[in-house]
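**Student:** One structure follows; several queries about it will come next.
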Amino acid sequence: MHVIFLEDVPDKAHAGEVVKVADGYARNYLLPKGLAQVVTPEILKRVDKIKSEGDTRRIKETEAMEELAQLLDNTRINVAARVTPTGRYYGAITNNRIADELTAVLGRDIDRRIVEVIEPIREPGEHEITLRLSSDIQATIYITAENEE
Numbered sequence: 002m003h004v005i006f007l008e009d010v011p012d013k014a015h016a017g018e019v020v021k022v023a024d025g026y027a028r029n030y031l032l033p034k035g036l037a038q039v040v041t042p043e044i045l046k047r048v049d050k051i052k053s054e055g056d057t058r059r060i061k062e063t064e065a066m067e068e069l070a071q072l073l074d075n076t077r078i079n080v081a082a083r084v085t086p087t088g089r090y091y092g093a094i095t096n097n098r099i100a101d102e103l104t105a106v107l108g109r110d111i112d113r114r115i116v117e118v119i120e121p122i123r124e125p126g127e128h129e130i131t132l133r134l135s136s137d138i139q140a141t142i143y144i145t146a147e148n149e150e
């Protein structure tokens, strides 16, 4: 089935693109969520308008992500957690905890999915964390993991 995407769908298409997708994917996901429409002659006439709207939205999102990357880059935050007698944390400092700390420090909502923690932080010390804001925009922050007293 050929559909025109009304919004950007990661790893599939950008707004305004006409793409052939599986019938079930279109019927069960794209069409009910309003992400795409089945291609008809009337819709093909509106393709340019849909593309320009998608391009404008993508430019605004990119500018917002670049601004956030500049704000976040080289930010240092302290995170405290309880430590076992052997010097390791009882739990771990995960991307959820880091996103919560960044939200508290910056006063802006930070989504946990942008925080790339390869392995959860289990020991005190300084750790470098990458924030992937979009496919080509990223920022690096530094976490100082401390003992909770």
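Going from the sequence shown to the numbering used here is simple: count from 1 and add 1. In this text, a Cβ means the ideal position worked out from N, Cα and C, and glycines have one as well. Here the structure is a predicted model, which is why all the values come from computation and not from measurement.
Which whole-angstrom value describes the C-beta separation of R123 and Y90, a residue pair presumed to lie in contact below a C-beta threshold of 8 Å?
**Tutor:** That belief holds up - the Cβ atoms of R123 and Y90 are roughly 5 Å apart, short of 8 Å.
**Student:** Exposed or buried, I60, counting other C-beta atoms within 10 Å across all chains shown (16 or more means buried)?
**Tutor:** By the neighbour-count rule (16 or more Cβ atoms within 10 Å), I60 is not buried but exposed.
**Student:** Drop a sphere of 10 angstroms on the beta-carbon of G25, count the other beta-carbons inside from all chains shown, and report buried for 16 or more, exposed for fewer.
**Tutor:** Burial call: exposed.
**Student:** Is E102 buried or exposed, if buried means 16 or more other CB atoms sit within 10 Å of its CB?
**Tutor:** It is buried - the Cβ of E102 has at least 16 other Cβ atoms within 10 Å.
**Student:** Assign L73 to one of three DSSP states: helix, strand, or coil.
**Tutor:** Correct three-state label for L73: helix.
**Student:** Among the residues of its own chain, which have a CB less than 8 Å from the CB of I115, if the five just before and after it don't count?
**Tutor:** Around I115: A100, L132, R133 and L134.
**Student:** How is Y90 classed by DSSP in three states: helix, strand or coil?
**Tutor:** Strand, per DSSP.
**Student:** Kindly list the residues whose CB is nearer than 7 Å to the CB of N97, restricted to its own chain and excluding five residues on each side of it in sequence; keep chain order.
**Tutor:** Once the five neighbours on either side are set aside, the close Cβ partners of N97 are R113.
**Student:** Among Y143, A81, G92 and Q139, which residue has its Cα nearest to the Cα of T63?
**Tutor:** Selected option, being the one with the closest Cα: Q139.
**Student:** Is the segment 75-82 touching the segment 11-31 in the sense that three or more CB pairs, one from each, lie closer than 8 Å?
**Tutor:** Touching, no, given that fewer than three Cβ pairs across the two stretches are closer than 8 Å.
**Student:** Just to confirm the assignment, what range does the alpha helix (DSSP H) spanning R98 have?
**Tutor:** N96 to L107 is the span of the alpha helix (DSSP H), which, as asked, contains R98.
**Student:** Throw me the rounded Cβ distance for the L45 and L72 pair, which I believe falls under 8 Å.
**Tutor:** That belief does not hold up - the Cβ atoms of L45 and L72 are roughly 42 Å apart, past 8 Å.
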